[in-house]
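Asker:
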Amino acid sequence: MYLHQFTCGTEIPFQLGKILCVGRNYADHAAELNNPVPEEPLIFIKPSTAAVDMAKPIHLPTGHGSCHFEGELALLIGEKLTNANATEVAPAIAGLGLSLDLTLRDLQAELKKVGHPWEKAKGFDNSCPLSPFVKLDWLPDWDKLSYSLWLNDELRQRGKTEHMLTPILDLVAYISSYFTLEPGDVVLTGTPAGVGELQHGDKLMMQLQGDWLQVNTEVA
Ligand code: ZN
Numbered sequence: 002m003y004l005h006q007f008t009c010g011t012e013i014p015f016q017l018g019k020i021l022c023v024g025r026n027y028a029d030h031a032a033e034l035n036n037p038v039p040e041e042p043l044i045f046i047k048p049s050t051a052a053v054d055m056a057k058p059i060h061l062p063t064g065h066g067s068c069h070f071e072g073e074l075a076l077l078i079g080e081k082l083t084n085a086n087a088t089e090v091a092p093a094i095a096g097l098g099l100s101l102d103l104t105l106r107d108l109q110a111e112l113k114k115v116g117h118p119w120e121k122a123k124g125f126d127n128s129c130p131l132s133p134f135v136k137l138d139w140l141p142d143w144d145k146l147s148y149s150l151w152l153n154d155e156l157r158q159r160g161k162t163e164h165m166l167t168p169i170l171d172l173v174a175y176i177s178s179y180f181t182l183e184p185g186d187v188v189l190t191g192t193p194a195g196v197g198e199l200q201h202g203d204k205l206m207m208q209l210q211g212d213w214l215q216v217n218t219e220v221a
């Protein structure tokens with residue numbers, strides 16, 4: 002899968018790499034699932050095979066219980082980062098996008114109960130719909146970004162980066178202390194409160210920073 006970042010119609014393709022994700026990066030989401038707030042970022046990985054174009058219909062897996070949407074801000078990494086500090090992270094972010102961290106919630110609960118890894122509940126095929134990525138010509142105020150998700154015309158999630166428990170640049174720096182990030186890797190930055198189960202025929206809309214980006218999709 003190729004990702005596109007664009008400025009004034011110029012597209013630069015990246016081959017998609019791995020997808021790094023963080024659990025419970027917003028206190029209100031941890032609370033809605035009765036999870037404690039972790040003391041350190043809770044990191045997991047989705048394989049590149051989990052990614053699909055968000056604008057195409059979402060195909061839910063069958064036979065594994067409920068599948069929840071988690072609307073998230075996504076970062077496209079443009080430079081190699083190993084043990085980076087926050088100052089080094091900012092210029093290495095090549096684009097901003099939107100994503101859905103689809104989660105098999107019943108299966109995840111079963112796996113958590115017995116202390117097993119979450120991968121099957123988080124990294125299955127099609128579990129990571131991704132929007133195109135917006136390339137910025139300036140360094141944004143990382144703590145002043147916002148995004149929203151509507152389900153069937155009802156506003157369900159509004160994420161503000163100022164509410165992240167681990168802010169964007171610190172989060173990417175932390176990830177890079179365990180996993181080298183390479184150009185084409187994507188970081189999902191966690192979901193705010195308002196997650197819920199998807200049903201066939203549901204319509205979703207996501208917006209980044211008002212009018213920077215809008216994606217519409219539906220569940221097949
Ligand atoms: Zn998530």
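Convert by adding 1 to the 1-based position in the sequence shown; the result is the number in this note's numbering.
Don't be surprised by glycine CBs; every beta carbon is placed ideally from N, CA and C.
1. Suppose contacts are defined by Cβ-Cβ distances below 8 angstroms. Is residue 156 in contact with residue 70 by that definition?
2. In angstroms, rounded to a whole number, what distance separates the CA positions of residue 116 and residue 139?
3. Mark residue 200 as exposed unless 16 or more other C-beta atoms lie within 10 angstroms of its C-beta, in which case mark it buried.
4. Could you have a look at residue 190 and say whether DSSP puts it in helix, strand or coil?
5. Please go through the stretch 86-145 and give each complete alpha helix (DSSP H) segment of 4 or more residues, from N-terminal end onward.
6. So, using beta-carbon positions, are residue 47 and residue 22 closer together than 8 angstroms?
7. Roughly how many angstroms lie between the CA atoms of residue 149 and residue 190, to the nearest whole one?
8. Output the distance between the C-alpha atoms of residue 163 and residue 40, rounded to the nearest integer angstrom.
9. Specify, as a first and last residue, the run of the alpha helix (DSSP H) that residue 33 falls within.
10. How long is the line joining the alpha carbons of residue 135 and residue 214, rounded to whole angstroms?
11. If you check the beta carbons only, do residue 91 and residue 79 fall under 8 angstroms apart?
12. If you reduce the DSSP assignment to three classes, tell me which class residue 148 lands in.
13. Please state the DSSP three-state secondary structure of residue 212.
14. Going by CA-CA distance only, name the one from 35, 81 and 26 that's closest to residue 183.
15. Take residue 166 as the anchor and find which of 179, 27, 174 and 16 has the nearest alpha-carbon.
16. Whole-angstrom Cβ separation of residue 98 and residue 128, contact assumed at under 8 angstroms?
17. Please determine whether the Cβ atom of residue 24 lies at a distance below 7 angstroms from any heavy atom of the ligand ZN.
18. Would you kindly work out how many angstroms separate the C-alpha atoms of residue 175 and residue 137, rounded to a whole number?
19. Does the Cβ of residue 29 lie closer than 7 angstroms to at least one heavy atom of the ligand ZN?
20. Is residue 77 near residue 15, with beta carbons less than 8 angstroms apart?
21. Once the 5 residues before and after residue 113 are set aside, which same chain residues still bring their CB inside 8 angstroms of it?
Answerer: In short, the structure shows the following:
1. Not closer than 8 angstroms, so no.
2. Between the alpha carbons of residue 116 and residue 139 lies a distance of about 43 angstroms.
3. The residue is exposed, with fewer than 16 neighbouring Cβ atoms inside 10 Å.
4. It is coil, neither helix nor strand.
5. 87-90, 106-114 and 120-123, all fully within the stretch 86-145.
6. It is a contact, given that the beta carbons lie within the stated cut-off.
7. The alpha-carbon atoms of residue 149 and residue 190 are separated by roughly 14 angstroms.
8. Spanning the alpha carbons of residue 163 and residue 40 requires a straight line of approximately 18 angstroms.
9. That run of the alpha helix (DSSP H) goes 28-33.
10. A direct Cα-to-Cα measurement between residue 135 and residue 214 gives close to 7 angstroms.
11. Going by C-beta atoms, residue 91 is not nearer than 8 angstroms to residue 79.
12. In the displayed model, residue 148 falls within a strand according to three-state DSSP.
13. Judged by DSSP in its simplified three-state form, residue 212 adopts coil rather than helix or strand.
14. Per the C-alpha coordinates, the member of 35, 81 and 26 positioned closest to residue 183 is 81.
15. Closest option to residue 166, Cα to Cα, is 27.
16. Contact between residue 98 and residue 128 is absent: CB atoms are separated by about 16 angstroms, not below the 8 angstroms threshold.
17. Relative to the ligand ZN, residue 24 has its C-beta within less than 7 angstroms of a heavy atom.
18. So the two alpha carbons sit approximately 23 angstroms from each other.
19. Not under cutoff, so the answer is no.
20. A contact, by the Cβ cut-off of 8 angstroms.
21. Only 119 meet the Cβ criterion.
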